[in-house]
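1171 is the number of the first residue of the sequence shown in my numbering; add one for each residue after it.
Where a beta carbon is used, it is the ideal one built from N, C-alpha and C, also for glycine.
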Amino acid sequence: MSKSIIDLYFSRKCDVCSTGMEEGYLVGSGAYACSKKCLNDMDNYSHAQFLKDYKEEDEHYYYTNWEQDWEDEETLFLIDGTEVSNPYQNKEYSL
Ligand SMILES: [Zn+2]
């Protein structure tokens, strides 16, 4: 897989360390964490809690990647978490 676009833009950013990310943990359908460490750094949360939630509610708690959504995303993020409008939205692009 080519990394040419992914090197510059990211589909999500980590809510804990604000790093742009293409894959990571979705927590309760609303929060994102890029790593185990960031899960443990969330307020009142931890990687151990994530594993419990994942067992019970895996539609809201899971590890995933988002690169397939790019044509529909309005905004993307840079590596430092800066939000930018998606230059690829509704355009042909190849990964
Ligand atoms: Zn993070």
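Query	Result
With a threshold of 16 other CB atoms inside 10 Å of the CB of Tyr-1231, please say whether the residue is buried or exposed.	buried
Can you tell which of His-1217, Gln-1259, Asp-1242 has its C-alpha closest to the C-alpha of Tyr-1195?	His-1217
If you compare alpha carbons, which of Gln-1219, Gly-1198, Ser-1199 is closest to Lys-1207?	Gln-1219
With distances taken from CA atoms, which of Gln-1259, Glu-1226, Ser-1188 is nearest Glu-1243?	Gln-1259
Assign Met-1171 to one of three DSSP states: helix, strand, or coil.	Bear in mind that a pLDDT of 42 at Met-1171, under 50, signals an unreliable position, so the number given afterwards is only what the model happens to contain. It is coil, neither helix nor strand.
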